[in-house]
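For the sequence shown, our numbering assigns the number 1384 to the last residue and increments by one with no breaks. Even for Gly, the Cβ is constructed at its ideal location relative to N, Cα and C.
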Amino acid sequence: MQNGDANPYFFSLHAAIQANLSRHLFVSASLMNVWQSQNLTVDLFPDRYGQQTMVQDSFFPSGTAGYTYGNRFSDFGAGWRFTPAFFVQYLYSTDYGATAASHTLMLRYTFRLRRE
1269 MQNGDANPYF
1279 FSLHAAIQAN
1289 LSRHLFVSAS
1299 LMNVWQSQNL
1309 TVDLFPDRYG
1319 QQTMVQDSFF
1329 PSGTAGYTYG
1339 NRFSDFGAGW
1349 RFTPAFFVQY
1359 LYSTDYGATA
1369 ASHTLMLRYT
1379 FRLRRE
């Protein structure tokens, strides 16, 4: 028998910038840093033969999880505005090696339901 308790804590900071290079062309960059801490406590109770065996499952994970979490994340992009409401943007997203970087191509149209 075992009893476990996990107390994760985190703090994050995010900064972003976007600059218009021309009437249509813009670039953007974003950086997020996450500080995290996790306290894991597992109490083992002996079975009827006096054995203490730790069982790892989804309720009682032991040690480091199989998934590696990154602590820095960035997006870098460039886009083209066709109209004030419609643009296309390319984004390169990275977590600096924790997982593979990703590439995104976005088409965005902003609907305005009423005039402001």
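Q: Confirm, please, whether the CB-CB distance from F1294 to A1346 is below 9 angstroms.
A: Numbered from 1 along the sequence shown, position 78 holds the residue referred to as residue 1346. Numbered from 1 along the sequence shown, position 26 holds the residue referred to as residue 1294. Yes, these two residues count as a Cβ contact at 9 angstroms.
Q: Note the first and the last residue of the continuous beta strand (DSSP E) segment covering S1290.
A: One-based indexing of the sequence shown puts residue 1290 at position 22. No beta strand (DSSP E) contains S1290, which DSSP labels as neither H nor E.
Q) Grouping DSSP H, G and I as helix and E and B as strand, with all else coil, what is G1347? A) Position 79 of the sequence shown, counting from 1, holds the residue named residue 1347. G1347: strand per DSSP, three-state reduction.
Q) When every heavy atom of the ligand ATP is checked, does at least one fall within less than 8 angstroms of the C-beta of F1344? A) The ligand content of the structure shown is nil, which means the ligand ATP is not present either.
Q: Compute the beta-carbon to beta-carbon distance between R1340 and D1363, rounded to the nearest angstrom, for a pair I have assumed lies under 8 angstroms.
A: Taking the sequence shown and counting its residues from 1, one reaches residue 1340 at position 72. Taking the sequence shown and counting its residues from 1, one reaches residue 1363 at position 95. Right, the Cβ-Cβ distance comes to about 7 angstroms (below 8 angstroms), so this counts as a contact.
Q.
If the criterion is Cβ atoms closer than 9 angstroms, does the pair L1375 and F1354 meet it?
A. For the purposes of this step, residue 1375 is identified with residue 107 of the sequence shown, where counting begins at 1. For the purposes of this step, residue 1354 is identified with residue 86 of the sequence shown, where counting begins at 1. Taking C-beta atoms as the reference points, L1375 and F1354 count as a pair closer than 9 angstroms.
Q: With DSSP collapsed to three states, give me the class of P1314.
A: Locating residue 1314 in the sequence shown gives position 46, counting from the first residue. DSSP places P1314 in coil when its eight states are reduced to three.
Q | Length of the line joining the Cα atoms of G1338 and T1367 | A | Working through the sequence shown from its first residue, we reach residue 1338 at position 70. Working through the sequence shown from its first residue, we reach residue 1367 at position 99. Using only the alpha carbons, I get a separation of about 8 angstroms.
Q. Under three-state DSSP, which class holds T1362?
A. Position 94 of the sequence shown, counting from 1, holds the residue named residue 1362. Here T1362 carries a strand assignment [DSSP, helix/strand/coil].
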